[in-house]
Structures are given as structure tokens and as C-alpha cells.
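First comes the structure, then the notes that go with it.
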Amino acid sequence: MPGLMARLSLIFKAKFSKALDRAENPNETLDYSYEEQLRQLQNVKRGIADVTTAKKRLELQYTSMQQQVDKLDGQARDSLKANREDLAREALSRKAAVQGQLDGIMQQGQQLEAQQQKLIEGERTLQAKVEAFRTQKEVIKAQYSAAEAQVRIGEAATGIGEQMADVGLAVQRAKDKTEQLQARANAIDELTASGALTDLTSSGDDIDRQLAQISQGGQVDDELAKMKAELGAGDAPKAIEGEEAK
Amino acid sequence: MIVRLLGEGQFRVDDSLIGRLNELDAEVERAVAAGDERALWSGLQALADAVREHGVKLADDDLSPSDAVIPPEDLSLEEAQELLQNEGFIPDVPSVS
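For the record, the sequence lines run as chains A and B. Residues 10 to 255 in the working numbering are what the first sequence lists, from first letter to last. Residues 8 to 104 in the working numbering are what the second sequence lists, from first letter to last.
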């Protein structure tokens, strides 16, 4: 069995020699082939636009995950201030879980970014080749005999077809990658939303609610203290005055 | 000889490089057979580097077909196996007629 490079070359050759065999009336073939190239070029552009849209959606999701991380960090601090180390620990372990997933996704997102750049370059090359084909087909029509034209068409069409297949494959791979990342990001969103991460990390009670209870408890304590002070302010001076009066 | 690096473009390389490319290609094939993704990636990268180092990039409007096609450097083991087993890996291209 040949290696990957050899195998790929064979696949490409097989695909394009089939295309070559079917070229019968050179002039018609040239025009049809050009129209077909324009149509495919539009498909490629649409594919790239899809990838770009999906990537933007992913970026929004990173942002919301980052916010989740920041929130957990804030919760950990609040918990510590309230002398609840257990809650702080819970918040930090959740934070670590989300952060770990987020790092993985960000890393793959960078690879996607690089792929997207290559896609744009590939599309530009394809556009240049299609444009070159448009010029060349007129030259072929004007200057070559049917037999010669056939050979020229075959070569030019193979060159274009290769580029088309190359960009087409790149679009497909970028789409697959985006979908994988989307699925991962969605899974994390669901986990954090349902609180399943809580179960993964430690006990059940929601940090938010407990912190709210603490802070409500704190408010009650504060008010109690204030009231006591007010009431005490009424009593104590009297007592002092009373003592002084004696 | 014209070599296409998939996802990157076409390069013109001297025919004297064919032997080296075939050696590296055989390494890549062994990596796939052994299920070793790391070796697959380093093999593909060596192939691409050899072409980039010794080749000259073809102009965008050049319509020459390639004599050899090299897969992308981040090809997964799964994709490599698919590629070796069937032709479905390469999307269909518009036919001439």
C-alpha cells in the first residue's frame, strides 16, 4: 500500500482524469467549465462565511465562560470574607473545572483561527486561478486545434479542480472543528447551568444561595447590633448620669 | 516537479527531492499503520518543511496540476486511516463536462 502522499496523488489524478475524458466539444466544455467554477467558488465563499459565523458564536461563548470563571472567583473571595472556607473551596474547585475546559477550547480555537487564515488565502488563490482560466479559455478557443485544445483544457481544469478540492477540504475540516468546539462549549454551558459541575467537585448546596444567606444573616446581625447600640445609647448614659448624680 | 501542500498551496521543487519525499512518505505510512499520531504529525511536518525549504511557491494564477499532494500537517489518525481506505476524504470537484 502506498504512503499518504502517494495515495493522495493517486486520488487526485483519478478524479481529474475522469473529468478529462469527458471533454468532447472543447469550446462548449470551456464555457461550461468556467460557469461551473464560478458556481463552486460561490460555494467555497459561503462555506468560509459559515465558518466565520460559527467562530464568532464560539467567541461569545468563551466570553460567557470567562465571566463564569470570574464570578466563581468573586464568590470564593466573598466566602472567605464570611469565614466560610468550605464554600470558598467549593467555588475554587468549580472555577478550576471551568477554567480547565476553557483553556482546552481556547487552544483549539487558536488552531481554528490559523485554519481560517489559510482558508481565506486558499480562496484568494482559487479566485486568481478561475480568473486565469477565463482568460486562458479564450486563448485556447482562438489559437488551438480541437485536439490541442483538449490537452490544454485538461491541464487547466485539473489545476483548478485541485485548488477547488483543496479549499473544499479545508472548509470541511474547519467546519468539523468548529462543530466539535461548539459541542464542547455547549456541554460546559449545560454543566454549569444545571449545577452538575457541583456534583463533580463537591457537595450539593449552591454557593450563591449560601452566600446570600450569609449576607442576609450578616444584615440581620448588623441591624441587631445597630438596634442594641441605639437602645444601649438610651440606657447607658442615664446610668452614668445617675451614678454621677449620686 | 510540482507538489501541493494541502491547505497551503503549490510549490515547484527539484526532481532530486523526490527520493527524500518518498522516504518521509514511507515514515508517515508506518506511523499510520502503528497508530502513532505523534509520529504521523512529525512525519507530515517533515514532508511539508522539506517542500517549503527547497521549493518555490507557484503563482496564484498558475493553472499547472501537481505531481504530488501532501496532506495537512494536523491530519488526525482517523482522517489518515480514512484517506488510506477510501476516496471519500477528498471532496468532489466540478466536472469539466
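Don't be surprised by glycine CBs; every beta carbon is placed ideally from N, CA and C. Computed from a predicted model, the values in this text were never measured in an experiment.
Proximal chain B residues relative to residue i, where beta-carbon distance stays under 8 Å
i: A/I223; result: Correct list: empty, because the minimum Cβ distance to chain B is about 49 Å.
i: A/S18; result: S73, D74, A75 and V76
i: A/E140; result: D68
As assigned by DSSP and simplified to three states, the class of residue i
i: B/V20; result: coil
i: B/R11; result: strand
i: A/A7; result: Outside the displayed range of chain A (10 to 255) lies residue 7 of chain A, so it cannot be described from this structure.
i: A/S211; result: The pLDDT assigned to A/S211 is 44, lower than 50, so where the model puts this residue is not dependable, and the model offers no usable value.
i: A/A234; result: helix
i: B/A75; result: strand
i: B/L54; result: helix
Chain A residues whose Cβ lies nearer than 8 Å to that of residue i
i: B/R19; result: Correct list: empty, because the minimum Cβ distance to chain A is about 13 Å.
i: B/S71; result: E164 and G168
i: B/L54; result: M14
i: B/A87; result: L13
i: B/L131; result: There is simply no residue 131 of chain B to check, as chain B begins at 8 and stops at 104 in what is shown.
Expected contact under 8 Å - CB spacing of residue i and residue j to nearest Å
i: A/A100; j: A/L81; result: 5 Å
i: A/Q172; j: A/L135; result: 5 Å
i: A/Q124; j: A/A63; result: Not quite, the Cβ-Cβ distance comes to about 12 Å (not below 8 Å), so this is no contact.
i: B/V35; j: B/Q88; result: The Cβ separation is near 12 Å, so there is no contact.
i: A/L190; j: A/L121; result: 7 Å
i: B/A160; j: B/L24; result: Summary: the structure shown does not reach residue 160 of chain B, with chain B confined to residues 8 through 104, and so no result is reported for it.
i: A/I216; j: A/L96; result: 6 Å
i: B/L70; j: B/L47; result: That belief does not hold up - the Cβ atoms of B/L70 and B/L47 are roughly 32 Å apart, past 8 Å.
Neighbouring residues, chain A, relative to residue i (Cβ below 7 Å)
i: B/D32; result: G12, L13, M14 and A15
i: B/L13; result: D175 and L178
i: B/G16; result: T134
Within chain B, the residues that residue i reaches when beta carbons sit closer than 9 Å
i: A/K146; result: Going along chain B, no residue has its Cβ under 9 Å from A/K146, so there is no contact; the nearest lies around 10 Å.
i: A/R133; result: D67
Partners in chain B for residue i, counting only beta-carbon separations shorter than 7 Å
i: A/A137; result: D67 and D68
Within chain A, partners of residue i - CB distance below 9 Å
i: B/L84; result: Under the 9 Å cutoff, chain A gives no residues; its nearest Cβ is about 11 Å from B/L84.
Mind listing, in chain order, the continuous alpha helix (DSSP H) runs of no fewer than 4 residues lying wholly within the region 18-96 of chain A?
The alpha helix (DSSP H) runs lying completely inside the region 18-96 of chain A and spanning 4 residues or more are 35-90, given in chain order.
Just by C-beta distance, which residues in the region 162-174 of chain A are closer than 9 Å to chain B?
Those residues of the region 162-174 of chain A that come within reach of chain B (Cβ to Cβ, closer than 9 Å) are I162, G163, E164, A165, A166, T167, G168, I169, G170, E171, Q172, M173 and A174.
Interface positions of the region 116-127 of chain A facing chain B (Cβ-Cβ less than 8 Å), listed along the chain:
Per Cβ criterion, the list reads Q120, Q124 and K127.
Of all the residues that make up the region 43-71 of chain A, which are near chain B by a beta-carbon distance shorter than 8 Å?
For the region 43-71 of chain A, which is checked against every Cβ of chain B, the residues closer than 8 Å are E45, Q46, R48 and Q49.
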